[in-house]
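Undergrad:
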Amino acid sequence: MRKTKTASPSTQRSAHLRRLSITLLGALALSACSPSIPQGAQWTDDPFRTDSTTSAQGSTASATKNRATTGNTDGIPRGSGTLRIAYAPGWRLPADYVSAFEAASGYTVEQSEYAPNSSQNADVIFGVDSKQAAALGTVIPVGNDPICAWADRSWFSANSKALPSSLKDLSSANFAPLTAIPSQDSEAGAAFAAKASSVLGGDYEDWKENLNDAHSISSSAAEALGQWTATLADDRLSLISGATSAQGSHQRPILIWDARLAVAAASNTGTESRAEAIPGTCVDSTISVAVPQSSSNSEAVRSFQAFLESQLGKNAAAYAGLAYNDGVPEDSQAAWFMKPVK
Numbered sequence: 090m091r092k093t094k095t096a097s098p099s100t101q102r103s104a105h106l107r108r109l110s111i112t113l114l115g116a117l118a119l120s121a122c123s124p125s126i127p128q129g130a131q132w133t134d135d136p137f138r139t140d141s142t143t144s145a146q147g148s149t150a151s152a153t154k155n156r157a158t159t160g161n162t163d164g165i166p167r168g169s170g171t172l173r174i175a176y177a178p179g180w181r182l183p184a185d186y187v188s189a190f191e192a193a194s195g196y197t198v199e200q201s202e203y204a205p206n207s208s209q210n211a212d213v214i215f216g217v218d219s220k221q222a223a224a225l226g227t228v229i230p231v232g233n234d235p236i237c238a239w240a241d242r243s244w245f246s247a248n249s250k251a252l253p254s255s256l257k258d259l260s261s262a263n264f265a266p267l268t269a270i271p272s273q274d275s276e277a278g279a280a281f282a283a284k285a286s287s288v289l290g291g292d293y294e295d296w297k298e299n300l301n302d303a304h305s306i307s308s309s310a311a312e313a314l315g316q317w318t319a320t321l322a323d324d325r326l327s328l329i330s331g332a333t334s335a336q337g338s339h340q341r342p343i344l345i346w347d348a349r350l351a352v353a354a355a356s357n358t359g360t361e362s363r364a365e366a367i368p369g370t371c372v373d374s375t376i377s378v379a380v381p382q383s384s385s386n387s388e389a390v391r392s393f394q395a396f397l398e399s400q401l402g403k404n405a406a407a408y409a410g411l412a413y414n415d416g417v418p419e420d421s422q423a424a425w426f427m428k429p430v431k
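So the numbering used here is basically just the index in the sequence shown, starting at one, shifted up by 89.
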């Protein structure tokens, strides 16, 4: 009988390695032909999502969200009944934030959009600046929502361009045609103009003239938003006042806006944003709650004020991407996207 020759162990290993190499090379060749980001994908698309629905406030991981509803409730008066909150456009309170207050206080929250010059029966008005709040009644600060120049870093990366590095850079020939600024009739436009005038001093008028020549200063906030190159996902539009009516060319990658723009432009994982603040352009802007003189639900209002002033309330606002305060958790949306860039 003829004996069958058997390859030595070393020869078998060599053959196995050759087959494995061929397999790996084939896989690499296929992957090289396939784009890593699907065509038409938005910045907020998450390839690892398994749910079929989205949420405007769903950008923070659930484990992080749960921390917003727990904490020290000492000093927050408990009661029962309903706290009626009227929110400014773009400031509807997310479920996690509402739950944090309800769990700490015992009150139930009822929300409706604020309608100026109406007979709206609200205990507090949420999401107005301190000047507006003072005109409406008693002012309770919530935290900082800084106004900055925000660069669409995806656009700059795709076009291999460096971001501007200062406020003064915005009026240069390189960046003025890329910048969109709301009119000074808007809160963001007025605050940013005051910041520029303070920083630039005698150079401010020339700086402003260069931007005017480049048609950078829009006639309204909605027009400026419509020029920004980043298109927000539909489920994020509710975070931006006037976003649903914003129309424009979407050809300017630098926009002057408040920091909630960066929250709205965040990925679904909530760990990065398409918007990046340009150093030296941020100006503090305090978001407040107004207690109208007509408010009669004093016990519920006092409980809500104590919540807003507590660390629990500040942390809840940070996780919800409502406002930044010193000392809030580093894994919150406010710490990631709303902390002023000096």
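From the three backbone atoms N, C-alpha and C, an ideal C-beta is built for every residue, glycine too.
Bear in mind the structure is a predicted one, so any value in this text is a computation, not a measurement.
1) I want to know whether the segment 300 to 313 touches the segment 255 to 272 - three or more CB-CB distances under 8 Å.
2) Taking A282 as the reference, which of F264, P266, S260, L267 has the closest Cα?
3) Does the beta-carbon distance from I345 to A366 come in below 8 Å?
4) In its own chain, which residues sit with a C-beta less than 7 Å from the C-beta of Q382, not counting the 5 before and 5 after it?
5) Tell me which residue opens and which closes the alpha helix (DSSP H) that E294 is part of.
6) Should the segment 205 to 222 be called in touch with the segment 178 to 187, which here means at least 3 C-beta pairs below 8 Å?
7) So, R363 versus S254, is the Cβ gap smaller than 8 Å?
8) Taking A251 as the reference, which of P235, I343, S330, G290 has the closest Cα?
9) Could you give the distance in angstroms between the alpha-carbon of V417 and the alpha-carbon of G232?
10) Which same chain residues end up closer than 6 Å to W425 when comparing Cβ atoms and leaving out the 5 residues on each side of it in sequence?
11) Considering Cα atoms alone, identify which of A193, A322, V372, T360 is closest to D420.
12) Specify, as a first and last residue, the run of the alpha helix (DSSP H) that S188 falls within.
13) Do you know how far the Cα of T268 is from the Cα of C371?
14) Taking Y186 as the reference, which of Y413, K403, D323, K431 has the closest Cα?
15) Rounded to whole angstroms, what is the Cα-Cα separation between A303 and K297?
16) Give the straight-line distance between the Cα atoms of L321 and Q394, rounded to the nearest whole angstrom.
17) Please state if the CB of I329 and the CB of A353 are separated by a distance shorter than 8 Å.
18) Buried or exposed for N210, please, with buried defined as at least 16 other CB atoms from any protein chain shown within 10 angstroms of its CB.
19) What's the C-alpha gap between L397 and A222?
20) Is any beta-carbon of chain C found at less than 8 Å from that of S384?
21) Confirm, please, whether the CB-CB distance from D234 to A319 is below 8 Å.
22) Under 7 Å Cβ to Cβ from Y176, same chain only, skipping five residues before and after it: list those, please.
23) From the DSSP output, in three-state form, read off T318 for me.
24) On the DSSP letters alone, give me the boundaries of the alpha helix (DSSP H) that L401 sits inside.
25) On the criterion of 16 or more Cβ atoms from any shown chain inside 10 Å, does K284 qualify as buried, or is it exposed?
TA: With the structure as the only source:
1) yes
2) S260
3) no
4) G226
5) 293 to 302
6) yes
7) no
8) I343
9) 11 Å
10) none
11) T360
12) 184 to 194
13) 15 Å
14) K403
15) 10 Å
16) 33 Å
17) yes
18) exposed
19) 15 Å
20) The structure shown contains no chain C, having only a single protein chain.
21) no
22) L182, Q200, E202, Y203, F215, G216
23) coil
24) 400 to 408
25) buried
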